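Protein chains: 2
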Amino acid sequence: MTTPLRTAEIIAVGSELLTPDRTDTNSLWLTARLNDLGIDVRAKAVVRDDRGDLAALFTQALGRADLVVTTGGLGPTDDDVTREVVAGALGLALVEHADILASLRERFARRGWPMPGINRRQAQVPSGATVLPNPNGSAPGLWIDRGAKVVVLLPGPPRELQPMFDGEVGPRLDVRSDGRRVRRRVLKITGRSESQVDEIAQPIYGPLAGGDVPVATTILATPGQIELHLAASGSDVKQIDAVLAEAVQALRAALGSVVFSEDGRSLEAVVGDLLKERGWHVAAAESCTGGLLLGRLTDVPGSSDWVIGGIVAYANDVKVRDLGVPQALLTAHGAVSEPVARAMADGVRQKLGADVGVAITGIAGPSGGSDAKPVGTVVVALSGPSPSVKTFRFPGDRKTVRAHATAAALDLIRRALIS
Amino acid sequence: MTTPLRTAEIIAVGSELLTPDRTDTNSLWLTARLNDLGIDVRAKAVVRDDRGDLAALFTQALGRADLVVTTGGLGPTDDDVTREVVAGALGLALVEHADILASLRERFARRGWPMPGINRRQAQVPSGATVLPNPNGSAPGLWIDRGAKVVVLLPGPPRELQPMFDGEVGPRLDVRSDGRRVRRRVLKITGRSESQVDEIAQPIYGPLAGGDVPVATTILATPGQIELHLAASGSDVKQIDAVLAEAVQALRAALGSVVFSEDGRSLEAVVGDLLKERGWHVAAAESCTGGLLLGRLTDVPGSSDWVIGGIVAYANDVKVRDLGVPQALLTAHGAVSEPVARAMADGVRQKLGADVGVAITGIAGPSGGSDAKPVGTVVVALSGPSPSVKTFRFPGDRKTVRAHATAAALDLIRRALIS
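Spelled out as structure tokens, the structure:
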């Protein structure tokens, strides 16, 4: 039996990945796949198309990790240095591979082009390497056994890399694994801040990190949503899953109904499923969020089963004329007030013939705030069988306030449906 | 005069950055700032909180680059290894810094807490290092001169790192620069695919890469938008800016009116400015995009000056009752058709009293497609002084089709306003 592969390093090759606008997303995708196979990623790097830099990083990575995966730099041009550098670092000769050359020629012939001379470089293979076919591009991948270690060279474009990993690399790594697996669970929460969640959750996940099957917990926060990511590894998948299920249950019990999803579903999908279950239809009236709530509600495939539509009443005229908000309410309380939010929700429900009407009115900023109603003040209201209204002061800039507000409105619908 | 700093490497320290869910965004922000100062980033890495791994990577990076910037690992816990590892790798002793200790104690005292013993570690400074104060956190940064080279240690949280860089690091690097600067320009394009843009643009930007002042070009594509990023560097800022301005002009001339922005503005901001200029107000009727177009229109601060609102007519009933689309049109042509799109645009313009009405109807998928109208079929229409209608077949999944459709509708408004 060969030694199992436990640790990996990922090296992304490409000068374009070192600009302020580009990020290496392949390594995130690969990390998830490697973790699933029980392999931890211990470091990752991005290097420019430079022989010396890549050789140094590659050699160091192979010294540390059981598996080194490179992405990119397998194209036909002089800038594509990965094949050559890895072969050199491993002391392997590059030999022309007749099958690759034939399939490259065929690939070009199918389009009625002769193969450019430079593409011949893509048929160069380090002596002894296994060629990984690439149905979606001209650059084949490579698998190189190196004693107990493994080196894998993958093309950069995700649509070439991902099927190649799943078809060729994953199964080969699976054979080399010792059955160790990383399993994950995610709890999604809304209506609480990151520190509020952590205060409740830490006493539970803290001790879990030191258990017989250690559970690692990460908190991810976005406006209106907190996620708790739990991960545990081992060779007994049933045991790990049981430990994770227990952890999820304990966290859910402590956090209560602010947890809206344990199965990966988004808040809008959870709300959609609840509406569909009851056979209810929703309509929305939006002011400061200007359509974003409706955009989220209709983001779910099949949402025409539960979304009728809505009215974006950005101007006060529209609130009065098209939503039937009494002018007197606007004058007495202002557009951002609980009476107006309630009237908007009632109006859109009646107007569009929905079972549930939901409304958002607020001050997203940067201007429009006052001492009494500063930027971030948002009122959400629900009309229908369980009417309700809530006023919030959200932190952050325009984008953040709008994201918080849509989450709060979705949560208002959710709470009415689960109560 | 000291040797100018030309190249940098960035090392992000933290095991949590090696999970599938987290990405190192600090390096993108830092790359933009370093480029502005004429410093190229030649490699970047993410390492776990491990003394050996960090020491090896740091030593190698300092061998290659003039400047090494680390982010993270400056906290008070045993997992925070950056200070100690960097000092060790440079052969510097760690000494307790009285001022830091005093300010840490004061920081805790302000909140009425005694300073936990472990925070004392944050007062440890490599001998000879310059302390960079951190007004937003407990971890001070460090600047270490190393002959002609420089090492900078920054805290991980962006709200601590960014002000520290701008306040303490940037000015010090500026002194060490030779006046070389990287300048950038961005052209934003809509209504063309990446390959269409490249076919027209490559003959122009290709030769520019080999000019006296080489201009590097990157293409970034998102659904409905292509960006051309141009960058050039040198010490004569006026000359570089002139070369870039010439390049922008040549590309704009070749690409024509599909270029909507040269100054960083988003498509919705450009449309907003054009509407505001004319004093016109817009209203939108959306079907398959379900509010996303209105969401984008109202994303621009001050948009209440040109957006009245709109109607999301997800159900056909709403199209008839609230937008006044004749049932006969729906029956004869179907909801996704040019006559219905036109009627929706007319309806929302009249109903909400707008100068311009815009409408989107289409099939975002995954279901609902047919042979005649497959998923991705989208019709956008404009009502008002320059009415128009256009049918598209967008590629991709639900999210992609919806993004393409909102961009197409915004572009229809833009074209009516610039014609």
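Residue numbers (this note's numbering), protein chains in the order written: chain A, 1 to 419; chain B, 1001 to 1419.
The beta carbon of each residue, even a glycine, is placed where N, CA and C say it ideally should be.
Quick caveat: nothing in here was measured; it's all calculated off a predicted structure.
Taking the beta carbon of B/R1265 as reference, no residue of chain A falls within 8 Å; the closest one sits roughly 16 Å away. In the structure shown, B/V1401 falls within a helical segment according to DSSP collapsed to helix, strand and coil. Between B/I1360 and B/A1405, the C-beta spacing is below 8 Å. Per the C-alpha coordinates, the member of B/F1392, B/V1358, B/F1058 and B/P1385 positioned closest to B/P1374 is B/F1392. If you check each beta-carbon in the segment 1143-1174 of chain B against every beta-carbon of chain A, none falls closer than 8 Å.
Listed in chain order, the beta strand (DSSP E) runs fully inside the segment 1102-1185 of chain B are 1124-1126, 1130-1132, 1141-1146 and 1149-1154, counting runs of at least 3 residues. Under the 8 Å Cβ criterion, the segment 1031-1044 of chain B does not count as touching the segment 1117-1128 of chain B, having fewer than three qualifying pairs. The DSSP assignment places 1067-1071 as complete runs of the beta strand (DSSP E) inside the segment 1067-1093 of chain B, in order along the chain (cut-off: 3 residues). Within the segment 258-290 of chain A, contact with chain B at the beta-carbon level (separation under 9 Å) is assigned to H281, A283, A284, E286, S287, C288, T289 and G290. For B/K1373, the secondary structure class from DSSP, reduced to helix, strand or coil, is coil. Within the segment 1289-1340 of chain B, the complete alpha helix (DSSP H) segments at least 4 residues long are 1292-1297, 1316-1321 and 1327-1333, listed from N- to C-terminus. Looking at A/R278, A/L274, A/D273 and A/I311, the one whose alpha-carbon comes closest to that of B/G1290 is A/I311. Contact with chain A is absent for B/K1373, since none of that chain's Cβ atoms lies less than 8 Å from the residue's Cβ. Secondary structure at A/D53: helix, using DSSP grouped into helix, strand and coil.
Under the rule that a run must span 3 or more residues, the beta strand (DSSP E) segments found entirely inside the segment 1237-1298 of chain B read 1259-1261 and 1282-1286. In terms of Cβ geometry, A/A98 and A/P223 do not form a close pair [threshold 8 Å].
Here B/G1038 has S1177, R1180, R1181, V1182 and S1233 as same chain residues with Cβ atoms under 7 Å from its own Cβ, once five neighbours each way along the sequence are excluded. Leaving aside the five residues that flank A/T7 on each side, the residues in its chain whose CB is nearer than 8 Å to its CB run, in chain order, I39, D40, V41, R42, R64, A65, D66 and L67. Taken atom to atom, the span from the alpha-carbon of A/A32 to that of B/T1019 is near 8 Å.
Using a CB distance cut-off of 8 Å, B/A1315 counts as an interface residue toward chain A. With contacts defined as CB atoms closer than 8 Å, B/V1348 and B/A1409 fail to qualify as a contacting pair. The residue among B/V1095, B/T1082, B/R1048 and B/I1200 with its C-alpha nearest the C-alpha of B/L1153 is B/T1082.
In this chain, the beta strand (DSSP E) harbouring A/V41 covers D40 to V47. Following the DSSP letters along the chain, one finds A/G357 inside the beta strand (DSSP E) bounded by residues V356 to G362. Put simply, of B/D1049, B/A1087, B/A1341 and B/D1079 the residue whose alpha carbon is nearest the alpha carbon of B/T1059 is B/A1087. Distance check between A/S235 and each of A/R414, A/P163, A/D36 and A/D50 places A/D36 closest, using alpha-carbon atoms only. Judged by DSSP secondary structure, A/A12 falls within the beta strand (DSSP E) whose first and last residues are T7 to V13. If you check the CB distance, A/I413 and A/G353 do not come in under 8 Å. Between B/K1149 and the set B/G1295, B/L1329 and B/P1004, the nearest pair of CA atoms involves B/P1004. With the criterion set as a beta carbon lying under 7 Å from some beta carbon of chain B, the members of the segment 198-224 of chain A are T218 and L220, in sequence order. According to DSSP, residue pairing for A/R393 in a beta bridge involves A/T377. Among the bridge pairs identified by DSSP, B/L1228 is matched with B/L1187 and B/I1219.
Taking a C-beta distance under 8 Å as the contact criterion, A/A12 and A/D21 do not qualify as a contact pair. A check of alpha carbon separations from B/E1009 across B/L1028, B/E1016, B/L1017 and B/S1015 identifies B/L1028 as the nearest. When Cβ-Cβ separations below 8 Å define contact, B/I1360 makes no contact with chain A. Taking the beta carbon of B/N1035 as reference, the chain A residues within 9 Å of it are T19 and P20, listed in sequence order.
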